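Asks: Residue 0 is where the sequence shown starts when you use numbering that gives the first Met the number 0, and the numbers rise one by one after that. For reference, the structure I am asking about is given below.
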Amino acid sequence: MDEKIKATPENKVSGVDQIREIIVGDYLRDVHAELASLQKQITELRRTLSGFKEEADSLSQNLQAITVGELKKAKETVEEQQKNFETSMNNMIKTVKTQLKKLEENKVDKSKIGQVFMEWGQKINELQS
Numbered sequence: 000m001d002e003k004i005k006a007t008p009e010n011k012v013s014g015v016d017q018i019r020e021i022i023v024g025d026y027l028r029d030v031h032a033e034l035a036s037l038q039k040q041i042t043e044l045r046r047t048l049s050g051f052k053e054e055a056d057s058l059s060q061n062l063q064a065i066t067v068g069e070l071k072k073a074k075e076t077v078e079e080q081q082k083n084f085e086t087s088m089n090n091m092i093k094t095v096k097t098q099l100k101k102l103e104e105n106k107v108d109k110s111k112i113g114q115v116f117m118e119w120g121q122k123i124n125e126l127q128s
């Protein structure tokens, strides 16, 4: 019987646990339940944030691809317009040169006209004499 009455370290711990359970047991269970609920909410928020991050990364990549594509198209358009402008300028220069050449060929030399008039005048004088 003495053994049953003697307090062992195991009995003391068990007794302390029982006292703790009586005094704060409900409160501890509520705190543990609240902590579990908060942990669950944190896990859900992390999943949601991860989803947002993936979506933002995807949108960023799409935007970058679109931007690069649009810049490439704009560059090609500018290069094409530049080539067209250069071609037009070369054609205009050729046209101006051709027209200048034609004007040069069709130009009447004033000294030749003067000489023709002088010859014509001499012939008229000869005919009158």
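The beta-carbon is built from N, C-alpha and C at its ideal position, and this holds for glycine as well. Just so you know, these numbers come straight off a predicted model, no measurement behind them.
Rounded to a whole number of angstroms, what is the C-alpha to C-alpha distance between Val115 and Lys109?
Replies: As a first step, residue 115 is located in the sequence shown; it is residue number 116 there, counting from the start. As a first step, residue 109 is located in the sequence shown; it is residue number 110 there, counting from the start. Those two C-alpha atoms are separated by around 10 Å.
Asks: Output needed for Lys100: all residues of its chain with C-beta closer than 6 Å, excluding positions within five of it in sequence on either side, in chain order.
Replies: To locate residue 100, count along the sequence shown from 1; it is residue 101. Correct list: empty, nothing qualifies.
Asks: Just verifying my parser: in three-state terms, what is the DSSP assignment at Asp108?
Replies: Here residue 108 is taken as the residue at index 109 of the sequence shown, counted from 1. In the structure shown, Asp108 sits in coil (DSSP, three-state: anything other than H, G, I, E or B).
Asks: For Ser13, which residues of its own chain have a beta-carbon under 6 Å away from its beta-carbon, when the five flanking residues on both sides are left out?
Replies: The residue labelled residue 13 in the question sits at position 14 within the sequence shown. There are no such residues.
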